[in-house]
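Per the working numbering, residue 3 is the first one in the sequence shown, and the count goes up by one each step. Virtual Cβ for every residue (Gly too), placed ideally from N, Cα, C. Remember, predicted model here, so these are calculated numbers, not experimental data. Data block below; observations after.
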Amino acid sequence: LFGRLLLLVVRARPMLARGAKSLRASSLRPAGLRLASGVPARTPEQTEHLEKLAEEHNGFLFGEVPPPPGEKRKKEDWEYYYPPLMTSALALFLFTWLNQPLSSVEDEAMEEAKRRMGFEPDVHFKQ
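Rendered as structure tokens:
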């Protein structure tokens with residue numbers, strides 16, 4: 003791999019010495035590979051549709067115009083109870099996740115089966 007890379011650098015050195023014009027992207031890509039031609043031209047129908055959308059939407063988040071200076075924004079009903087509900091849901095999730103049992107039912111069943119079969123308990127792998 004290093005030899006191939008070194009050979010590539012040695013071969014590219016004369017092209018670099020001649021200038022950047024001789025080292026084009028077309029000379030580096032394989033013969034059968036073509037680059038994408040780009041985005042197709044926009045039709046008049048698409049332009050008309052996009053201009054209608056720009057007139058309908060004013061560019062603000064959720065289409066909500068900011069209140070005049072000195073006035074406060076009036077909250078909607080759901081905005082009052084959303085933050086406390088999401089915070090309590092996160093607290094409940096963290097509480098249950100942090101207090102989950104360290105072993106599952108399968109682990110306890112495996113230990114019981116080993117005990118009944120007479121195997122020694124795994125003291126080295128206990129948590």
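Check	Outcome
Buried or exposed (CB count within 10 angstroms, at least 16 for buried), Gly34	In this predicted model, Gly34 has a pLDDT of only 46, less than 50, meaning its place in the structure is not dependable enough to derive any value.
Range covered by the alpha helix (DSSP H) that runs through Thr45	Run containing Thr45: none; DSSP gives neither H nor E here.
7 Å Cβ shell around Phe95 - same chain, five flanking residues per side excluded	none
Limits of the alpha helix (DSSP H) - the one that Ser90 falls within	Trp80 to Leu100
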